[in-house]
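What follows is a set of notes on a single structure, which appears directly below.
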Amino acid sequence: MSDTPGNREPAAGQPAHRPTLAKVAELAGVSVSTASLAFSGAGPITPETRARVLDAAKELGYTGPNPLGRQLRSGRSGVVGVVVGDQLRRAFRDPVAVQVLDGLVSTLGENGLGVLLIPGIPSDDPARAVDPLVESAAMDVAVLVWGVGSDDATLAALQRRGVPVVIGEGRAVEGTPLVAIRDRAGTADVVRHLVDLGHTRVAEVSLPLDNSDRSGPIDAQRLAQVDRTPTANRLAGVRDVVEPVASWETEASLVEHGRSATLALLGSTAADGTTEAADPATRPTAVIAHSDLLAAGALLAARELGLRVPDDVSVAGFDGLDLPWLAPDVLTSVHQPLARKGSELGLAVIRQLAGEAPTTVELDVELVVGTTTGPAPTT
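Residues 1 to 379 (full-length UniProt numbering) make up the sequence shown, in order.
Written as C-alpha cells, this is what we have:
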C-alpha cells in the first residue's frame, strides 16, 4: 500500500481522526475555500478543479462538510415545513394529497431540502389554534398546501416567527408566492357538460366549507360562511352555470362521505327505515362532486339505491384520479396536474430561498368525459 495521506495508517495507540476539508484541499493542491466550493456546487470553479477535489476527498474517505456546521453558518435548517391542512391519517387516505406531496417532496429533495410534515388541525389538543410544530419547529420556509382561511392562525403564527410562506390553492397574501389551479372554470366546464346533456336537476356534493368537520345541507346562510378557497371556487363554478337543486357539505374528501351525502340527496326513507331511491320525477338526475373520491362514493351510493349510471343518474367529479376499482365505470372528471402542482410549490420554495420576488402560478385543468355521464332520463 502506498504511503499517501489517504492510505497512511494511524500509529499504534493513536486515534483515527475524521479527515478534514483542509486535508482534502492540501492533497488536491487548492485552497480550503476552493475545496468548499467544490462541495457546495456553487461559485467560480472549473469542472477539472472540482473533479480533482472530489478525487482527493474519495482517497481520504472524506464525505463532505458537516451538515450541522453548514446549517449553523448559513443560519438555515435545510428543512421545509409542509402544512397538509388536515389530520395526517386522513390526508394520507386521499390520493390527491399524496400525489401533490410526492411532487413537492421530490422537488425539494432534488435541491437538498428535507421536509417536516405538519397537520393543519391539531389532533391531540383541540383547544390549540395551531399545531405546536408551527410555533416551534426549525424551518426555512413553510408550505401551506391547501391555502389559508380568512383569519388563519397558522399563517399568523408563521408570520410572527418571520418564517417565509408559500401558499397552495389559497387566497392571495401580499408578498407570498401562490400556486393555484383554474378550478372554478374547470367546475363550470363539467357542469356545462351536464346541462348540454339535458340535465336540469343537478345536485352537488361539496368539499368542506371550513375546518368544522360539519356535514349536511348547504343553505344560503351556510354558503356565505365558506372559508376554503378550493371549495369556494368549485361552489362558484357550479353556480356560474346552474343553481343546484340540492347541495350537501361533507366533512372530508373521502369515499364514505360522498356515499352518505349521495344517499341523502338521491334517496328517501322507506316505511321500514331503509333507504330507497327517491321518486324519479323529482330526484336529481345528475350529481357533481367536488372531488373524485366524493364522486366515487356517489357512484357507489347510486348502485346501492339500484340506480343505473348514467342511465338513471349521471355522476361527475374533479381531480382526474385513476380509480380502477370502479370498473367498468370510468368517472367523468376535471383533471388537474397534481404532481406538477406539488413540483411548482417546491420550485416556489427554492425561489423564496434564493431571494427572488414572489410570483403567482395558475395551472390549467381539463375536462375528460368518461362513462358516468349521459343524457338526462326522460322519465
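All C-beta atoms in this analysis are idealised placements derived from N, C-alpha and C, irrespective of residue type, glycine included.
- Under the DSSP definition of a beta bridge, residue 168 partners with 179.
- Residue 325 carries a helical assignment under DSSP once its states are collapsed to helix, strand and coil.
- Counting C-beta pairs with one atom in each stretch, the region 262-281 and the region 185-193 have fewer than three that are closer than 8 Å, which means they do not touch.
- Taking C-beta atoms under 8 Å as the contact rule, residue 253 and residue 94 qualify, at a distance of about 6 Å.
- Here residue 217 carries a strand assignment [DSSP, helix/strand/coil].
- In this structure, 243 is the residue among 243, 45, 197, 143 with its C-alpha nearest to the C-alpha of residue 219.
- Between residue 175 and residue 358, the CB-CB gap stays under 8 Å.
- Close CB contacts of residue 301 within its chain, under the 6 Å cut and outside five residues either way in sequence, are with 259, 262, 263 (chain order).
- The C-beta of residue 38 has 16 or more other C-beta atoms within 10 Å across all chains shown, which makes the residue buried.
- Secondary structure in the region 227-259: the beta strand (DSSP E) runs of 3 residues or longer, each lying completely within the stretch, are 246-249 in chain order.
- In the DSSP assignment, residue 277 forms a beta bridge with 267.
- Within the DSSP secondary-structure output, residue 335 pairs in a beta bridge with 319, 366.
- A direct Cα-to-Cα measurement between residue 326 and residue 310 gives close to 14 Å.
- Per DSSP, the beta bridge partners of residue 116 are 81.
- The region 58-65 makes no contact with the region 196-215; the number of CB pairs closer than 8 Å stays below 3.
- Of the candidates 116, 212, 178, 241, 178 places its Cα closest to the Cα of residue 344.
- For residue 25, the uninterrupted alpha helix (DSSP H) segment begins and ends at 21-28.
- Excluding its 5 nearest sequence neighbours in each direction, residue 229 has C-beta neighbours in its own chain below 7 Å: 147, 169, 170, 171, listed in chain order.
- Judged by DSSP secondary structure, residue 204 falls outside any alpha helix (DSSP H) and instead within the beta strand (DSSP E) spanning 202-206.
- DSSP places residue 144 inside the beta strand (DSSP E), whose first and last residues are 141-144.
- When the Cα atoms are used, residue 363 and residue 373 turn out to be separated by approximately 25 Å.
- Per the DSSP secondary-structure output, residue 314 pairs in a beta bridge with 286.
- Ranked by Cα distance from residue 293, the options 28, 96, 231, 30 are led by 96.
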